[in-house]
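Engineer:
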Amino acid sequence: DAKTTQPNSMESNEEEPVHLPCNHSTISGTDYIHWYRQLPSQGPEYVIHGLTSNVNNRMASLAIAEDRKSSTLILHRATLRDAAVYYCILRDEGYGGSQGNLIFGKGTKLSVKP
Amino acid sequence: DTAVSQTPKYLVTQMGNDKSIKCEQNLGHDTMYWYKQDSKKFLKIMFSYNNKELIINETVPNRFSPKSPDKAHLNLHINSLELGDSAVYFCASSPTGPNEKLFFGSGTQLSVL
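Take a look at the structure:
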């Protein structure tokens, strides 16, 4: 079962920043925080991941709370193409059979208005 | 070139039939997966293969049998299809190692009538 909690849906205006929250109060010390998104009629797509420090890449930024019990995915300027379901997933760093077991929750459906 | 490709994209069949979904990746990854997304949009892992060997086999009926002829391919064969098998099936691949990101195919929509 998913160990994260996300709002079911969020709305944003085009060109504005979007902050997608995720709660993971039972996170363990070896859990990485991963974000994937799924655009309509497509497979999931990796967005970003981190452990303790904030992370930036060309798609988004990930802000991780100091106690690691929550995180926020930040899209700096939402576009219509960012409309998707965003999944926050905890993944153990352990190597082995469980490494591929991404456990997807319900995610947050992001709508972007022009 | 498509990194992870699945065929067919759509599959409509009758109950009781046997069908296969093919998956190929050209990324040189050692690990491949099958995920199922049901009508409520929940994504669940079914199988994981590393270098052609089964690593993960979640609670999936024996009617589902993955086959990995080489590490670039992971096909899914389904026997005696049931109505409840209707879903979108996604293939994915990743390099081997902790926290490597997964690359997903575009999915195969299976409809069992």
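Quick note, the sequences are listed as chains Y and X, same order. Under our numbering, the very last position in the first sequence is 118; numbers go up by exactly one each time. Under our numbering, the very last position in the second sequence is 675; numbers go up by exactly one each time. In this text, a Cβ means the ideal position worked out from N, Cα and C, and glycines have one as well.
1. Rounded to whole angstroms, how far is the Cβ of A64/Y from the Cβ of L43/Y, which I believe are closer than 8 Å?
2. So, with DSSP's three-state summary, where would you put G54/Y?
3. First and last residue of the beta strand (DSSP E) that includes H23/Y?
4. Under 8 Å: do the segment 596-609 of chain X and the segment 634-654 of chain X share three or more Cβ pairs, one atom per stretch?
5. With 8 Å as the limit, tell me which residues of the segment 52-78 of chain Y have their beta carbon closer than that to any beta carbon of chain X; keep them in chain order.
6. Quick one: using the 10 Å Cβ neighbour count with 16 as the cut-off for buried, is A565/X buried or exposed?
7. When you compare the CB positions of S582/X and Y611/X, do they come within less than 8 Å of one another, or not?
8. Answer yes or no: does any C-beta atom of chain X fall closer than 8 Å to that of E20/Y?
9. Our contact map puts D71/Y next to L79/Y with C-beta atoms below 8 Å; I'd like the distance itself, whole angstroms only.
10. Helix, strand or coil, according to DSSP, for R72/Y in the structure here?
11. Hey, would you say the C-beta of V59/Y is under 7 Å away from at least one heavy atom of the ligand PLP?
12. Tell me, to the nearest whole angstrom, how far the beta carbon of S668/X is from that of G47/Y; I am working on the premise that it is less than 8 Å.
13. What are the partner residues of K629/X, as DSSP defines its beta bridges?
14. With 8 Å as the threshold, decide whether the Cβ of L106/Y is near any Cβ in chain X.
15. Between the Cα of M577/X and the Cα atoms of I640/X, T658/X and F665/X, which residue gives the shortest distance?
16. Pick helix, strand or coil for L35/Y, following the three-state DSSP scheme.
17. Ends of the beta strand (DSSP E) at Q599/X?
18. Which residues in chain X sit within 8 Å of R85/Y, going by Cβ to Cβ distance?
19. Going along the chain, which residues of its own chain have a beta-carbon closer than 6 Å to the beta-carbon of F626/X, five neighbours each way excluded?
20. Strictly below 8 Å CB to CB, what residues from chain X border T50/Y?
21. Where does the unbroken beta strand (DSSP E) through Q46/Y begin, and where does it stop?
22. I need the DSSP call for L664/X, collapsed to helix, strand or coil.
23. Using a C-beta to C-beta distance shorter than 7 Å, which residues of chain Y count as neighbours of L676/X?
24. Interface residues of chain X around Q46/Y at Cβ under 7 Å?
Structural biologist: Judging by the given coordinates:
1. As a working note, residue 64/Y is residue 60 in the first sequence. As a working note, residue 43/Y is residue 39 in the first sequence. Actually they do not touch by this definition, with Cβ atoms about 14 Å apart.
2. Stepping through the first sequence from its first residue, residue 54/Y is reached at position 50. The answer is strand: DSSP assigns G54/Y an E or B state.
3. Position 19 of the first sequence, counted from the first residue, corresponds to residue 23/Y. It spans V22 to N27 - the beta strand (DSSP E) in which H23/Y sits, taken as one unbroken run.
4. yes
5. H53
6. Residue 565/X sits at position 3 when you count from the first residue of the second sequence. A565/X comes out exposed.
7. Position 20 of the second sequence, counted from the start, is the residue given in the question as residue 582/X. Position 49 of the second sequence, counted from the start, is the residue given in the question as residue 611/X. Contact: no.
8. In the first sequence, counting from the first residue as 1, residue 20/Y sits at position 16. Not one chain X Cβ lies under 8 Å of E20/Y.
9. Indexing the first sequence from 1 puts residue 71/Y at position 67. Indexing the first sequence from 1 puts residue 79/Y at position 75. Not quite, the Cβ-Cβ distance comes to about 24 Å (not below 8 Å), so this is no contact.
10. Taking the first sequence and counting its residues from 1, one reaches residue 72/Y at position 68. Note: R72/Y maps to coil in three-state DSSP.
11. Among the components modelled here there is no ligand, and therefore nothing to report on the ligand PLP.
12. As a working note, residue 668/X is residue 106 in the second sequence. As a working note, residue 47/Y is residue 43 in the first sequence. Their Cβ separation, rounded to whole angstroms, is 5 Å, which keeps S668/X and G47/Y in contact under 8 Å.
13. Taking the second sequence and counting its residues from 1, the one referred to as residue 629/X is at position 67. In DSSP, K629/X forms a bridge with N637/X.
14. Counting from one through the first sequence, the residue named residue 106/Y turns up at place 102. Answer yes: the Cβ-Cβ gap between L106/Y and chain X drops below 8 Å somewhere.
15. Translated into the one-based positions of the second sequence, residue 577/X becomes position 15. M577/X has its Cα closest to that of I640/X, out of I640/X, T658/X and F665/X.
16. Taking the first sequence and counting its residues from 1, the one referred to as residue 35/Y is at position 31. Leu is not the amino acid found at residue 35/Y; the sequence shown has Asp there. Strand.
17. As a position in the second sequence, residue 599/X is number 37, starting the count at 1. T593 to Q599 is the span of the beta strand (DSSP E), which, as asked, contains Q599/X.
18. Here residue 85/Y refers to the residue found at position 81 when the first sequence is read from its first residue. Simply none; closest approach about 16 Å.
19. Counted from its first residue, the second sequence places residue 626/X at position 64. Closer than 6 Å at the Cβ level, and outside the excluded window around F626/X, lie I640.
20. Within the first sequence, residue 50/Y is the residue found at index 46, counting from 1. Reading off the sequence shown, one finds Tyr at residue 50/Y, where the question assumed Thr. Correct list: K663, L664 and F665.
21. Stepping through the first sequence from its first residue, residue 46/Y is reached at position 42. Q46/Y -> no beta strand (DSSP E), and no H or E assigned at all.
22. Position 102 of the second sequence, counted from the start, is the residue given in the question as residue 664/X. Coil.
23. With chain X covering only 563 through 675, there is no way to say anything about residue 676/X.
24. By one-based count along the first sequence, residue 46/Y stands at place 42. Under the 7 Å cutoff, chain X gives S668.
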